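Undergrad: Input: one structure, supplied below.
Number of protein chains: 2
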Amino acid sequence: MIPTPYLLFLGDAPDPLAAKVAQGIRDWSPDVAVGQLRLPGCQADMGLPDMSLEEGLAAGAKTLVVGVANRGGVISDLWLDVLADALEQGYNLASGLHTLLRDQPLLANTAARTGRQLYDVRIPSTAFPIADGRKRTGKRCLAVGTDCSIGKMYTAMAMDREMQSRGLKSTMRATGQTGILVTGAGIPLDAVIADFMAGAVEWLTPDNDPDHWDHIEGQGSLFHISYSGVTMALIHGGQPDALILCHEPTRTHMRGLPDYGLPSLETLRDTALPLARVANPDCQVAGISVNTRALTPEAAQTCVEEIEARMGLPTADPVRHGAGRLVDALLSL
Amino acid sequence: MIPTPYLLFLGDAPDPLAAKVAQGIRDWSPDVAVGQLRLPGCQADMGLPDMSLEEGLAAGAKTLVVGVANRGGVISDLWLDVLADALEQGYNLASGLHTLLRDQPLLANTAARTGRQLYDVRIPSTAFPIADGRKRTGKRCLAVGTDCSIGKMYTAMAMDREMQSRGLKSTMRATGQTGILVTGAGIPLDAVIADFMAGAVEWLTPDNDPDHWDHIEGQGSLFHISYSGVTMALIHGGQPDALILCHEPTRTHMRGLPDYGLPSLETLRDTALPLARVANPDCQVAGISVNTRALTPEAAQTCVEEIEARMGLPTADPVRHGAGRLVDALLSL
């Protein structure tokens, strides 16, 4: 677990897009961040209080999170000075950068001397076992999509939040960099060695109370040829009790693959469910999450109703409509 | 490519099983090995001429292959002396051991000084791209199984050999340690980082002549929850034109998973073929390979005939009956 709360380091972000990780934390866990630290020239703003390192500490921050991408893969001297100073003052550091904190001698040495931790969430920090397929206690829900980047993490986060707000037992299980920084824990599954993928997912979603739900962040798609192996490992390692089908109705081809069309929701259901039942014969499709961001409110409503009528499953856009309907569906299984 | 021919190092193998890799090379590529080097006390024998390092060199050997497992994960001083001496005399070294040759300072230093190569085939030697799904020229055949360790490599090897013997264009594409040492090339797919699995398979099976067949060594099974992600990446990265279904009729549960039963051949077909058609809409199931090692000749014959009648697909045990029937089936697609 990455110690919270965070101070978000936005550096000298040239534009808001460069601070995408900070934006994810801001969208999903504003309470986890006490403020933002911006260097001169920074063009991103999370709307959080601007703080110095000292002010962040005074506000209780335990970890300085690099919430901005570094230009050209190089951590500049300007950044290094701030990050090293943070370690000296008592912060831990966390980052999803390709360039690892631990590979910067100044940071590695300072962390070793001060006893602070460096969290490079882009690479796994644990040696995982081979999956053993043992039936685990507790319940698990996995979002699977007709494509990548279609709203699977958003769906899981929204359902977890909805259950938490009802006082139900629920945990978000992050499997990607942003999810890990948002929740403070998880596994960057796309960086795990092939043989250990399913075992990593088992490790991430251990035995739990019978009425506890893990919401496992999905990755890739069974129909996205670049990443389908990672999706498969989630379906078998996660041994889900419930699947949520995720779809974006305006997408015309698989992300990054112009020659590949999207499968229908029926095809996704008929492919994913039998595979999930290999690991958990009781698995069911609980509902459908539609990402209607590109539609007008009227078109979104029509789209959701059409899909619900066609598929015979509770359907909602958890952003537009909230996750209540999907959580109700889960609990009624 | 690992330079051939090989001298097989059997060390002080305590029993024949310890020399399983050497046995695989002996079974599949006896011509690639000029002889065997055994230390005092060695209890394994490949039936090859016993040679010293000097005699191996005189017989043309280019690489000393560690064909034996090391006890307790430690490369003994006894072995190190022989391996370093081999480098001094002009050999390259190849090994599928978990303990890497490159992590032995004596071997790393000696190889650097002498300009010889260390081939640790258990880990990938290349940075692979993300799969792009581009349609490649040439033909590809992938063996998929109802379980792991069911004869997929054997089937691919036998079909490649059969095509070669007919003067047809054919290449075996190894994806595991033994296959790599047998063929001298390939990718240890189970050791590749998750995001790059399918891209590694694309890299391994590039554009080729329209009448050339790649025989891709399968791994795992879509129904083996520990390794199904690796299988999925082979199906999508390989974009096979043909699948061969592999089965072992006496197995009572999935290998290493006592609580998991095997799927039927029908279920394997109906699961693997639609997934393969995501990457290659023209993919077909060409035939069925049955591993009848555990059966009497009569029972094997009955078993193969029963499966062929039931499934309506050419069926054979390529060990017992040769791979001719399966190659005929491939060519008639």
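Chains A and B are the protein sequences, given in the same order.
First residue of the first sequence? That's 7 in my numbering, and the numbers climb one at a time after it.
First residue of the second sequence? That's 7 in my numbering, and the numbers climb one at a time after it.
The C-beta atom is built at its ideal place from N, Cα and C for all residues, glycine as well.
Just so we're clear, the structure is a prediction, and the values are computed from it rather than from any experiment.
1. Whose CA, out of R77(B), P20(B), T132(B) and T189(B), lies closest to the CA of V71(B)?
2. If I measure Cβ to Cβ from A282(A) and keep anything under 7 angstroms in the same chain, skipping five residues before and after, which residues do I get?
3. Find out if the Cβ-Cβ distance for the pair A137(A), E223(A) is shorter than 7 angstroms.
4. What residues from chain A crowd round F134(B), counting only those whose CB sits closer than 8 angstroms?
5. Pick helix, strand or coil for K158(A), following the three-state DSSP scheme.
6. Please report the residue range of the alpha helix (DSSP H) in which K26(B) lies.
7. What residues from the segment 283-294 of chain A come within 8 angstroms of chain B, judged by C-beta to C-beta, listed N to C?
8. Under the rule that 16 or more other beta-carbon atoms within 10 Å means buried, what is K145(A), buried or exposed?
9. By Cβ distance below 7 angstroms, which residues in the same chain neighbour N286(A) in space, the five residues on each side in sequence not counted?
10. Hey, is G352(A)'s beta-carbon within less than 7 angstroms of any beta-carbon in chain B?
11. Residues of chain B with CB under 9 angstroms from P280(A), in chain order?
12. Quick one: residues in its chain with C-beta nearer than 8 angstroms to the C-beta of P130(B), no 5 flanking neighbours on either side, listed in chain order?
13. Output the distance between the C-alpha atoms of N297(A) and Q29(A), rounded to the nearest integer angstrom.
14. Can you pull the DSSP bridge partners for H221(A)?
15. Closest to T152(A) by C-alpha separation, out of G293(A), P324(A), L268(A) and D126(A), would be which residue?
16. Is the beta carbon of L263(B) less than 7 angstroms from the beta carbon of G139(A)?
17. Which residues, in chain order, does the segment 230-258 of chain A contribute to contact with chain B at a C-beta distance below 9 angstroms?
18. Check C309(B) in the structure and name its three-state DSSP category.
19. Does the beta-carbon distance from C252(B) to I186(B) come in below 7 angstroms?
20. Decide yes or no for the touch test of the segment 32-40 of chain B against the segment 201-219 of chain A: beta carbon pairs closer than 8 angstroms, at least 3 of them.
21. Out of A117(A), D276(A), E272(A) and L339(A), which has the shortest C-alpha to C-alpha gap to E314(A)?
22. Taking the beta carbon of H104(B) as the centre, do at least 16 other beta carbons fall within 10 Å, making it buried, or is it exposed?
23. Any chance the segment 85-100 of chain B sits against the segment 117-134 of chain B, with 3 or more Cβ pairs inside 8 angstroms?
24. Can you name, in chain order, every residue of its own chain whose Cβ lies under 7 angstroms from the Cβ of A19(B), other than the five neighbours on each side?
25. Between L13(A) and chain B, is any beta-carbon pair separated by less than 7 angstroms?
26. Taking the beta strand (DSSP E) that N98(B) belongs to, which residues open and close that run?
27. Give the secondary structure of L249(A) by DSSP, where H, G and I count as helix, E and B as strand, and everything else as coil.
28. Please state whether DSSP places T321(B) in a helix, a strand or coil.
29. In chain A, which residues lie less than 7 angstroms from A137(B) when you measure between Cβ atoms?
30. Going along the segment 188-220 of chain B in order, which residues come within less than 8 angstroms of chain A, judged by CB to CB distance?
31. Let me check one thing: in DSSP terms, what residues is S295(B) bridge-paired to?
32. Apart from the five residues on each side of it in sequence, which residues of its chain come closer than 6 angstroms, Cβ to Cβ, to H221(B)?
33. Thinking C-alpha only, which one of F15(A), T237(A) and V150(A) is nearest D91(A)?
34. Mind checking which residues open and close the alpha helix (DSSP H) that includes D350(B)?
35. If we ignore side chains and look at the alpha-carbon of each, how far apart do V310(A) and G293(A) end up?
36. How would you call R261(A), buried or exposed, if buried means at least 16 neighbouring beta carbons within 10 angstroms?
TA: The relevant details are as follows:
1. The shortest Cα separation from V71(B) among R77(B), P20(B), T132(B) and T189(B) belongs to T189(B).
2. For A282(A), where only same-chain residues beyond five positions count, the Cβ hits under 7 angstroms are I241, P246, L249 and C289.
3. The answer is no: Cβ separation not under 7 angstroms.
4. Correct list: empty, because the minimum Cβ distance to chain A is about 11 angstroms.
5. The answer is helix: DSSP assigns K158(A) an H, G or I state.
6. It spans K26 to W34 - the alpha helix (DSSP H) in which K26(B) sits, taken as one unbroken run.
7. When CB distances to chain B are screened at a threshold of 8 angstroms, the residues of the segment 283-294 of chain A falling below it are V284 and A285, in chain order.
8. With 16 or more Cβ atoms within 10 Å of its Cβ, K145(A) is classed as buried.
9. For N286(A), where only same-chain residues beyond five positions count, the Cβ hits under 7 angstroms are Q245, P246 and D247.
10. Lying before the first or after the last residue shown, residue 352(A) is absent from chain A, which here runs from 7 to 339.
11. Chain B residues near P280(A): T273, D276 and T277.
12. Contacts found: I193, P194, A197, V198 and A206.
13. So the alpha carbons of these two residues sit roughly 19 angstroms apart.
14. For H221(A), which the question treats as bridged, DSSP gives the partners C147(A) and M178(A).
15. With distances taken between Cα atoms, T152(A) lies closest to L268(A).
16. With respect to G139(A), L263(B) sits close: the two C-beta atoms are nearer than 7 angstroms.
17. Cβ contacts with chain B: H230, I231, S232, Y233, S234, G235, V236, T237, M238, A239, L240, I241, H242, G243 and Q245.
18. Helix, per DSSP.
19. No, Cβ-Cβ distance for C252(B) and I186(B) is not below 7 angstroms.
20. The answer is no - the segment 201-219 of chain A does not touch the segment 32-40 of chain B, with fewer than three Cβ pairs under 8 angstroms.
21. Distances from the CA of E314(A) to each of A117(A), D276(A), E272(A) and L339(A) were compared; the closest alpha carbon is that of E272(A).
22. When all chains shown are included, H104(B) counts as exposed.
23. Taking a cut-off of 8 angstroms on C-beta distances, the segment 85-100 of chain B touches the segment 117-134 of chain B, as three or more cross pairs fall below it.
24. Excluding sequence neighbours, A19(B) sits near A25, C48, Q49, A50 and V74.
25. Residue contact with chain B for L13(A): absent (no Cβ-Cβ distance below 7 angstroms to any residue of chain B).
26. Counting along the chain, the beta strand (DSSP E) containing N98(B) begins and ends at N98 to S101.
27. Strand, per DSSP.
28. Residue state, collapsed to three classes: strand.
29. Near A137(B) (Cβ distances below 7 angstroms), the residues of chain A are I231 and S232.
30. Listed by position, the residues of the segment 188-220 of chain B near chain A (Cβ gap below 8 angstroms) are L195, D196, A197, V198, I199, A200, D201, M203, A204 and G205.
31. Looking at the DSSP output, S295(B) bridges to C252(B) and A322(B).
32. Correct list, in chain order: C147, A162, M165, D166 and M178.
33. Of the listed residues, the one whose Cα sits closest to D91(A) is F15(A).
34. One cannot answer for residue 350(B) here, as it falls past the ends of chain B, which runs 7 to 339.
35. The alpha-carbon atoms of V310(A) and G293(A) are separated by roughly 11 angstroms.
36. By the C-beta density criterion, R261(A) is buried, having at least 16 other C-beta atoms within 10 angstroms.
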